[in-house]
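Each remark here refers to the structure printed beneath this line.
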Amino acid sequence: MITMGMECMKERPFEHVFIHGLVRDAQGRKMSKSLGNGIDPMIIIDQYGADALRFALLNGISPGNDMRFSQEKVESARNFTNKIWNASRFAIMNIPESIKDTKLPDSKDLRLEDKWILSKFNTLVKEVTDNLEKYELGVAIAKLYDFIWSVLCDWYIELIKPRLFDKGSVDCENACRVLAYVLRGSMETLHPFMPFITETIWQSLPHDGESIMISSYPTYSSDFVFDEDEKTMELVISAIRAIRNRRAEMNVAPSKKTKLFIVSNEKTAFSKDTEYFFQKLASAAEVEYPNEFTDDTCVRIISDKAVIFIPLAEMLDISKEIARLEEERKKMLDEIDRIDRKLSNEGFVAKAPAAVVEGEKAKRVGYCDKLALIEDNIAKYKNI
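In the numbering used here, the protein residues as written are 29 to 412.
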C-alpha cells in the first residue's frame, strides 16, 4: 500500500500503522476452517447488534496482544448497550421539548451533584483523549464503560430524579440541561467505538449540527474543574454505598425507613444540604449529625471519613431475628457435633488421608467461629 501510494499518488497514504493481535476462540486457539471454530460476524450482529460486537472486540484489548472471543463477552456488551438505551430513554422522556439549545446553567445555579458529574465527565474526556492518542483503545473503552454505567446511570440519574419530577421548576430545567450535556458528550466520546446507538441517542437530544459523525469531539475545559465539590460528593456516595451494603447484608428491605446518625468532621458533605440524598438513596427517615455518638443498640457503619449509626430496632423485627439466629445456632451445633463424632471415630482417623482429617478440623474451627458470632448477636438482640 505504501509503495502504490508513493508511485500513484506521490505521497504517503498514511502516517501511522496500528497492528492489533489475533482474535482467537474462547479456548485461545487460532480460528481456522479445519478446527471449525470460526465466527460469522453477521450472525453475531443479527443476534446482538453491530455495536455490541464492536464493543466486545475492543474491550480489554492491549496493543500487540491477542484476544479471546466468547459469546459471554458479546452478551456483556449487549447488556451495556441496553443500559445506555434504557437510561437515555428515561432522560429523553424527562428533558422537556422546550430545551432545544445546548447551553448549560450558570455555575452559581449548579447544585453539588451537577458540579460532580461535570467534573467527572471533564476528567473522563481528558483521560480518554490521552488514551486514544497513545492507541490504548482497551483502556479508553473501559473508562467509558465505568463512567456511563456506574457514574452517569447508577448515580447521577438517581441523584437528580427528585428534581426531574418537579416539572416546570428552574431546578428541574437546570438538571435537564446538565443531564443532556453529559449524556450528549458521553455519546460523542463513545461514538468511535459504538457508532449506531450513539448517533440515534444524539439525534434525540438537544444538539448542534446534522450528525454526531461530524460534530466536534468533546474537549477538556478548565471551566468544569470542581475538585472540592467532586470530593464532597464522593464522600456522600461512599456513605450511601456503605449503608446500602450493610442493609443488604442484613436483608433489610429498601422500603424500611430508618434514622441515621452520622459522625464526621466533613461538615460540607454531611449536613442538612446533603440530607435528601440519604433520604432518597439510603432509605433514611431522618438524619442527625452529632459531633460524638455511641449506642450499643445501633449498627455501626464505617465509610470514608464518616461513621454512621442506625438503630437496630428500626432495621429489624428483633423477635424474628432472634428466632432466625436460634435456628442458625442449632445448625452450627449440629455440624460441630457431627464433626466431633467423626473425629472421635478411631477408624476414620486411622484410615482417612491426613488432608481429609485436617480439613474436618478446619471446618470445626470455622463453625465454632460462626457459632460464637451468632451467640454474641443473640445476646445483643436480647438486651435491646
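Virtual Cβ for every residue (Gly too), placed ideally from N, Cα, C.
Run the CB neighbour count on residue 267, radius 10 Å, all protein chains shown included, and call it buried at 16 or more, exposed below. Walking along the sequence shown from the start, residue 267 turns up at place 239. The residue is buried, with at least 16 neighbouring Cβ atoms inside 10 Å.
Using the Cα positions of residue 131 and residue 251, report the straight-line distance between them to the nearest angstrom. On the sequence shown, residue 131 is found 103 positions in, with the first residue counted as 1. On the sequence shown, residue 251 is found 223 positions in, with the first residue counted as 1. Residue 131 and residue 251: Cα-Cα distance of roughly 14 Å.
Which whole-angstrom value is the C-beta distance of residue 119 and residue 211, which I expect to be below 8 Å? As a working note, residue 119 is residue 91 in the sequence shown. As a working note, residue 211 is residue 183 in the sequence shown. The beta-carbon distance between residue 119 and residue 211, rounded to whole angstroms, is 6 Å. This is short enough to meet the 8 Å contact definition.
Please check the pair residue 177 and residue 108, which I expect to be a contact at CB under 8 Å, by giving their CB distance rounded to whole angstroms. Here the question's residue 177 lines up with position 149 in the sequence shown. Here the question's residue 108 lines up with position 80 in the sequence shown. Beta-carbon to beta-carbon, residue 177 and residue 108 are separated by about 7 Å, close enough to satisfy the 8 Å threshold.
With distances taken from CA atoms, which of 173, 193, 113, 195 is nearest residue 221? Indexing the sequence shown from 1 puts residue 221 at position 193. Looking at the Cα atoms, 173 is the closest of the given residues.
The beta strand (DSSP E) enclosing residue 326, as first and last residue numbers: For this step, residue 326 is matched to residue 298 along the sequence shown. 326–331 is the extent of the beta strand (DSSP E) around residue 326.
Three-state class that DSSP yields for residue 101 in the structure shown: For the purposes of this step, residue 101 is identified with residue 73 of the sequence shown, where counting begins at 1. Residue state, collapsed to three classes: helix.
Indicate whether residue 363 and residue 395 have their beta-carbon atoms separated by less than 8 Å. Along the sequence shown, one-based indexing puts residue 363 at 335. Along the sequence shown, one-based indexing puts residue 395 at 367. Contact flag set, yes.
Would you mind stating whether residue 399 and residue 352 have Cβ atoms separated by less than 8 Å? Position 371 of the sequence shown holds residue 399. Position 324 of the sequence shown holds residue 352. With contacts defined as CB atoms closer than 8 Å, residue 399 and residue 352 fail to qualify as a contacting pair.
Taking the continuous alpha helix (DSSP H) assigned at residue 149, which residues delimit it? Residue mapping note: residue 149 aligns to position 121 of the sequence shown, counting from 1. Its alpha helix (DSSP H) spans residues 140–161.
What are the boundary residues of the alpha helix (DSSP H) that residue 290 is part of? Start at 1 with the first residue of the sequence shown, and residue 290 comes out as number 262. Per DSSP, residue 290 belongs to no alpha helix (DSSP H); it is in the beta strand (DSSP E), 286–291.
Below 7 Å CB to CB, which residues in the same chain sit around residue 323 once its five sequence neighbours on both sides are set aside? By one-based count along the sequence shown, residue 323 stands at place 295. Taken in chain order, the residues that qualify are 337.
For residue 154 and residue 29, what's the separation of their Cα atoms in angstroms? Working through the sequence shown from its first residue, we reach residue 154 at position 126. Working through the sequence shown from its first residue, we reach residue 29 at position 1. Rounded to whole angstroms, residue 154 to residue 29 spans 34 Å at the Cα level.
Could you give the residue range of the beta strand (DSSP E) that holds residue 337? Stepping through the sequence shown from its first residue, residue 337 is reached at position 309. Start and end: 334–339.
Note the first and the last residue of the continuous alpha helix (DSSP H) segment covering residue 377. Position 349 of the sequence shown, counted from the first residue, corresponds to residue 377. Where residue 377 is concerned, the enclosing alpha helix (DSSP H) stretches over 374–379.
Which residues share a DSSP beta bridge with residue 78? For the purposes of this step, residue 78 is identified with residue 50 of the sequence shown, where counting begins at 1. BP columns for residue 78 are empty, so no partner.
N- and C-terminal bounds of the alpha helix (DSSP H) containing residue 356: Counting from one through the sequence shown, the residue named residue 356 turns up at place 328. First-last of the alpha helix (DSSP H) with residue 356: 346–371.
Could you please give the first and the last residue of the uninterrupted beta strand (DSSP E) stretch that includes residue 314? As a position in the sequence shown, residue 314 is number 286, starting the count at 1. For residue 314, the enclosing beta strand (DSSP E) starts and ends at 312–316.
Own chain residues within Cβ distance below 8 Å of residue 175, not counting five before or after: Residue numbering aside, residue 175 sits at position 147 when the sequence shown is read from its first letter. Cβ neighbours of residue 175 beyond the five flanking positions: 148, 149, 152, 214.
Taking a contact to mean a Cβ-Cβ separation below 8 Å, would you say residue 96 touches residue 66 in this structure? If you number the sequence shown from 1, residue 96 lands on position 68. If you number the sequence shown from 1, residue 66 lands on position 38. The answer is no: Cβ separation not under 8 Å.
Can you tell me the Cα-Cα spacing of residue 279 and residue 345, whole angstroms? Residue 279 sits at position 251 when you count from the first residue of the sequence shown. Residue 345 sits at position 317 when you count from the first residue of the sequence shown. Each residue's alpha carbon lies about 11 Å from the other.
Helix, strand or coil: how does DSSP classify residue 106 here? As a working mapping, residue 106 is identified with position 78 in the sequence shown. Correct three-state label for residue 106: helix.
Where are the alpha helix (DSSP H) runs, 4 residues long or more, that stay fully inside the region 217–258, in chain order? The region 217–258 contains these whole alpha helix (DSSP H) runs: 223–232.
Counting only the same chain and skipping the five closest in sequence on each side, list residues whose C-beta sits under 7 Å from that of residue 199. For the purposes of this step, residue 199 is taken as the residue at position 171 of the sequence shown. Once the five neighbours on either side are set aside, the close Cβ partners of residue 199 are 191.
Kindly indicate which three-state DSSP category residue 278 falls into: helix, strand or coil? For the purposes of this step, residue 278 is taken as the residue at position 250 of the sequence shown. When secondary structure is reduced to three states using DSSP, residue 278 falls in the coil class, being assigned neither helix nor strand.
Closer than 6 Å by C-beta to residue 88: which residues in its own chain qualify, once you throw out the five before and the five after it? Chain order, please. Residue numbering aside, residue 88 sits at position 60 when the sequence shown is read from its first letter. For residue 88, the CB contacts under 6 Å within the same chain, skipping 5 residues up- and downstream, are 166 in chain order.
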